[in-house]
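Colleague:
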Amino acid sequence: MVKRHAKLYTDDHCHMPTSHMTYWGSSALMFDMSARLLLIFCVLIFSLDISHGLPRSGFQISSFEKDNFGMKLSEPEKGRDVSAERLIKKARWKSNSDPPTPQFKEKYFSQMIDHFNFNSMGNGTYDQRYLITDQFWKKGVGPIFFYTGNEGDIWDFAMNSGFITELAAQQDALVIFAEHRYYGKSLPFGNNSFKIPEIGLLTVEQALADYAIMITELKRELGATMCPVIVFGGSYGGMLSVYMRLRYPNIVTGALAASAPILSTAGMGDPRQFFQDVTADFESYNPSCSVAVRGAFSQLEGLAHHEDYRRIQSSFNLCNTPESRQDIHQLKGLLRNAFTVMAMLDYPYSTHFMGRMPANPVKVACDTMLNGPNLLSALRETVGIVYNSTGELQCYDIYRAYVECADPTGCGLGPNSLAWDYQACTEIELCFESNNVTDMFPPLLFTEQDRESYCTKKWSVVPRPGWLRAQFWGDDLSTASNIIFSNGNLDPWANGGVRKSLSPSLIAVNIPEGAHHLDLRGSNPADPLSVTEARRKESEIIAHWVKMEEN
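Take any residue in the sequence shown, count from 1 to its spot, add 13: that is its number in the numbering used here.
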């Protein structure tokens, strides 16, 4: 439910006979005043660039997209595809104050356990979960919107990606959310899935093959072999959407990759960037916020240096008194992780995605940090926004509330965290660090050597730096096509992704007021105009891809 655009009236509402546009003579003096006002209103309306709606108000698109895509759709051209324009105008994103409620059915697909080795598992299969709704679909004709599930239960992503179903309602699409192998209920070896060697079949390549086979078979079963497929994904799911378009362009027509850090997770870029960008989110609200956070961590380090562990326990309401530097290291990781979560989920309304979060959590955190009786208690209350949102927790068990893993930004908790930890030990490179110089956090390093040592001990694997980059092109994407890279400026993952368009069909959409894949979320009255405009642009591009595929 976003703020609606002002309604622009077309010829059907403002048409006036030609005779009324000529000189009216003295009798016109008696003409009804309301007619005159209507005439003036219509003239003003026609002077607007109707095809672009309201001003962009900070919404940013690239020069490639503006020069090569947008103008093809909005400027008259000799020989243009009028039917394509009509479809795109029909499908143009409309803010919805009453978005449709998706009616998903949970189903299971008999999936190959190992797509690439004919001897290891034979033709063994497992049950891969997926969600499907055809309530909006123009059967056999409309496109298929396929969400490439990522590191979690597929219901969580389906319930927090309302843009996809809203767009499906406008573009007559079938919607499928597929669960990633080894997550949720899609466990190839049941309770043994996280044991060695069973977990070895958890790879990006196997997951992509899962999706390719599922799409192909479901299209056949549903009589949709001619329906174009658009893949959607957020974060790691967005990476998978990019990879699907690269690896299976014969199956996938186009991809919307929201907040997809395809560069940083391939070992490219500055390892200091992520926590620097987390810090920038809090500084942008109030520069004093990061000063206070630095001060609190400095006081914590001072107490740890003097081994005043009892005071540390009382200051942070810890369930157990720290006894070593390792306990202090764990505490620092827990504290830093809370700021990471709040920066990622800095939405303008409260959410229950990845835990309960208030509206504008960065603002709430800074206000809490700057209004405490002292820095340590303020830091405790601030991280409580993440770890004690209900206020019912009496103390923090630092080893249960946060689990250190091969991802310095956090793996989460439970079985899904084990799967992500393994992926971060194999293909996904996340050697990020904080240093208290370019960011507000204490120095917590995670080098390639640290990663190798941890992963060898935990999973008996040795990471292969550069493998993901070799497999999926790194930053050499110029020969690819039909991918939207959307990123929000509030998202600390954004600078690990593609921020500039690479060609007319590799389009970067930057959202100044957007947090982590905010554009995939459903309409909300609190949405900033920049995300509403991003969704509109994305919908136009997708409609264009679909039409071109049909031709």
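Each residue gets a CB set at the ideal place from its N, CA and C atoms; glycine is no exception.
1. Whole beta strand (DSSP E) runs in the segment 471-546 with 3 or more residues, listed along the chain?
2. Compare the C-alpha of Pro115 against each of Thr178, Val242 and Ala493 and name the closest.
3. So, for Ile341: in the same chain, excluding its five sequence neighbours on each side, which residues have a beta-carbon less than 7 Å away from its beta-carbon?
4. Per DSSP, Leu457 forms a beta bridge with which residues?
5. DSSP on Trp329, reduced to helix/strand/coil?
6. Check whether the segment 234-250 touches the segment 412-432, counting contact only when three or more Cβ pairs, one atom from each stretch, lie closer than 8 Å.
7. So, for Asp420: in the same chain, excluding its five sequence neighbours on each side, which residues have a beta-carbon less than 8 Å away from its beta-carbon?
8. So what does DSSP say about Ile590, is it helix, strand or coil?
9. Buried or exposed, going by whether 16 or more other CB atoms sit within 10 Å of the CB of Leu426?
10. Out of curiosity, what's the CA-to-CA distance linking Val522 and Arg512?
11. Distance check for Asn130 and Gln599, CA to CA, integer angstroms please.
12. Which same chain residues, not among the five before or five after Trp472, have their C-beta less than 6 Å away from its C-beta?
13. Distance, Cα to Cα, Ala279 vs Phe159?
14. Assess contact between the segment 394-401 and the segment 318-325, defined as three or more Cβ pairs (one per stretch) separated by less than 8 Å. Is contact present?
15. Would you kindly work out how many angstroms separate the C-alpha atoms of Lys566 and Asp223, rounded to a whole number?
16. Since Ala305 is in the beta strand (DSSP E), which residue starts that stretch and which ends it?
17. Taking only beta-carbon positions, decide if His530 is within less than 8 Å of chain D.
18. Rounded to the nearest angstrom, what separates Asn173 and Phe117 at their Cα positions?
19. Please determine, among Ala493, Leu313, Leu259 and Asn163, the residue with the shortest C-alpha to C-alpha distance to Leu215.
20. Whole-angstrom Cβ separation of Ile497 and Ile524, contact assumed at under 8 Å?
21. Could you give the distance in angstroms between the alpha-carbon of Asn122 and the alpha-carbon of Leu259?
22. Can you tell me where the alpha helix (DSSP H) holding Val154 begins and where it ends?
23. Expressed to the nearest angstrom, what Euclidean distance is found between the alpha-carbon atoms of Ser390 and Ser303?
24. How many Å lie between Ile189 and Thr364 at the Cα?
25. So Gly282 and Gly509 are supposed to be a Cβ contact under 8 Å. How far apart are they, rounded?
26. Met367 and Val354 - do their beta-carbons sit closer together than 8 Å?
27. Counting along the chain, where does the beta strand (DSSP E) carrying Tyr435 start and finish?
28. Would you report the Cα separation of Asn495 and Trp150, rounded to the nearest angstrom?
29. Could you pull the start and end residues of the beta strand (DSSP E) that Ser123 belongs to?
30. According to the Cβ coordinates, are Tyr256 and Glu192 closer than 8 Å?
31. Just verifying my parser: in three-state terms, what is the DSSP assignment at Val242?
32. Could you please give me the residues that DSSP links to Tyr139 through a beta bridge?
33. Drop a sphere of 10 angstroms on the beta-carbon of Ile325, count the other beta-carbons inside from all chains shown, and report buried for 16 or more, exposed for fewer.
34. Just grab the DSSP bridge partners of Glu442 for me.
35. What are the boundary residues of the beta strand (DSSP E) that Gly346 is part of?
36. Helix, strand or coil for Val399? Go by DSSP, reduced to three states.
Modeller: Reading it off the structure:
1. Counting whole runs of 3 or more residues, the segment 471-546 contains the beta strand (DSSP E) stretches 496-501 and 519-524.
2. Sequence index remark: in the sequence shown, residue 115 carries index 102 (1-based). If we check each option's Cα against that of Pro115, Thr178 comes out closest.
3. Position 328 of the sequence shown, counted from the start, is the residue given in the question as residue 341. Here the set comprises Ala317 and Pro335.
4. Working through the sequence shown from its first residue, we reach residue 457 at position 444. Beta-bridge pairing by DSSP links Leu457 to Ser447.
5. Counting from one through the sequence shown, the residue named residue 329 turns up at place 316. Sequence inspection shows Phe at residue 329; the Trp mentioned does not correspond to that position. It is helical.
6. Flag = no, the segment 234-250 and the segment 412-432 do not touch.
7. Along the sequence shown, one-based indexing puts residue 420 at 407. So the list reads Trp433, Asp434, Ala437, Ile441 and Leu443, once near-sequence residues are dropped.
8. Only positions 14 to 564 of the chain appear in the structure, and residue 590 is not among them; the question remains open.
9. Within the sequence shown, residue 426 is the residue found at index 413, counting from 1. So Leu426 counts as exposed.
10. Position 509 of the sequence shown, counted from the start, is the residue given in the question as residue 522. Position 499 of the sequence shown, counted from the start, is the residue given in the question as residue 512. Taking the straight line joining both Cα atoms gives about 7 Å.
11. A query on residue 599 cannot be resolved here, the shown segment of the chain reaching from 14 to 564 and no further.
12. As a position in the sequence shown, residue 472 is number 459, starting the count at 1. Here Trp472 has Tyr435 and Cys438 as same chain residues with Cβ atoms under 6 Å from its own Cβ, once five neighbours each way along the sequence are excluded.
13. Along the sequence shown, one-based indexing puts residue 279 at 266. Along the sequence shown, one-based indexing puts residue 159 at 146. Roughly 24 Å between the two C-alpha positions.
14. The answer is no - the segment 318-325 does not touch the segment 394-401, with fewer than three Cβ pairs under 8 Å.
15. Outside the modelled stretch of the chain, which goes from 14 to 564, sits residue 566, for which no answer is possible.
16. Walking along the sequence shown from the start, residue 305 turns up at place 292. Looking at the DSSP string, Ala305 is not in any beta strand (DSSP E); the run it does join, the alpha helix (DSSP H), is Pro300 to His318.
17. Looking for chain D here will not work: only one protein chain is present.
18. The count along the sequence shown starts at 1 and reaches residue 173 at position 160. The count along the sequence shown starts at 1 and reaches residue 117 at position 104. Going by C-alpha positions, Asn173 is about 13 Å away from Phe117.
19. Working through the sequence shown from its first residue, we reach residue 215 at position 202. The shortest C-alpha separation from Leu215 is found at Asn163.
20. Locating residue 497 in the sequence shown gives position 484, where the first residue counts as 1. Locating residue 524 in the sequence shown gives position 511, where the first residue counts as 1. The Cβ separation is near 12 Å, so there is no contact.
21. Here residue 122 is taken as the residue at index 109 of the sequence shown, counted from 1. Here residue 259 is taken as the residue at index 246 of the sequence shown, counted from 1. Contrary to the premise, residue 122 reads as Phe rather than Asn in this sequence. Cα to Cα, Phe122 sits roughly 24 Å from Leu259.
22. If you number the sequence shown from 1, residue 154 lands on position 141. Element bounds for Val154: n/a, residue is neither H nor E.
23. Taking the first residue of the sequence shown as 1, we reach residue 390 at position 377. Taking the first residue of the sequence shown as 1, we reach residue 303 at position 290. Using only the alpha carbons, I get a separation of about 16 Å.
24. Indexing the sequence shown from 1 puts residue 189 at position 176. Indexing the sequence shown from 1 puts residue 364 at position 351. Answer to the nearest angstrom: the Cα atoms are 23 Å apart.
25. As a first step, residue 282 is located in the sequence shown; it is residue number 269 there, counting from the start. As a first step, residue 509 is located in the sequence shown; it is residue number 496 there, counting from the start. About 6 Å separates the beta carbon of Gly282 from that of Gly509, a gap short enough to meet the 8 Å contact definition.
26. The residue given as residue 354 occupies position 341 in the sequence shown. The residue given as residue 367 occupies position 354 in the sequence shown. The answer is yes: Cβ separation under 8 Å.
27. By one-based count along the sequence shown, residue 435 stands at place 422. Run containing Tyr435: none in the beta strand (DSSP E); it sits in the alpha helix (DSSP H), Pro428 to Thr439.
28. Position 482 of the sequence shown holds residue 495. Position 137 of the sequence shown holds residue 150. Straight-line Cα distance between these residues: approximately 22 Å.
29. As a working mapping, residue 123 is identified with position 110 in the sequence shown. Start and end: Lys118 to Met125.
30. Counting from one through the sequence shown, the residue named residue 256 turns up at place 243. Counting from one through the sequence shown, the residue named residue 192 turns up at place 179. Contact: no.
31. For the purposes of this step, residue 242 is taken as residue 229 along the sequence shown, with counting starting at 1. In the three-state reduction of the DSSP assignment, Val242 falls in the strand class.
32. Numbered from its first residue, the sequence shown carries residue 139 at position 126. The partner list for Tyr139 (beta bridge, DSSP) reads Gln124.
33. Here the question's residue 325 lines up with position 312 in the sequence shown. Counting other Cβ atoms within 10 Å of its Cβ, Ile325 reaches 16 or more and is therefore classed as buried.
34. In the sequence shown, counting from the first residue as 1, residue 442 sits at position 429. In DSSP, Glu442 forms a bridge with Ala279.
35. Sequence index remark: in the sequence shown, residue 346 carries index 333 (1-based). No beta strand (DSSP E) contains Gly346, which is instead part of the alpha helix (DSSP H) from Arg338 to Met357.
36. On the sequence shown, position 386 is the one that residue 399 refers to. DSSP places Val399 within a helical segment (H, G or I) once states are collapsed to three.
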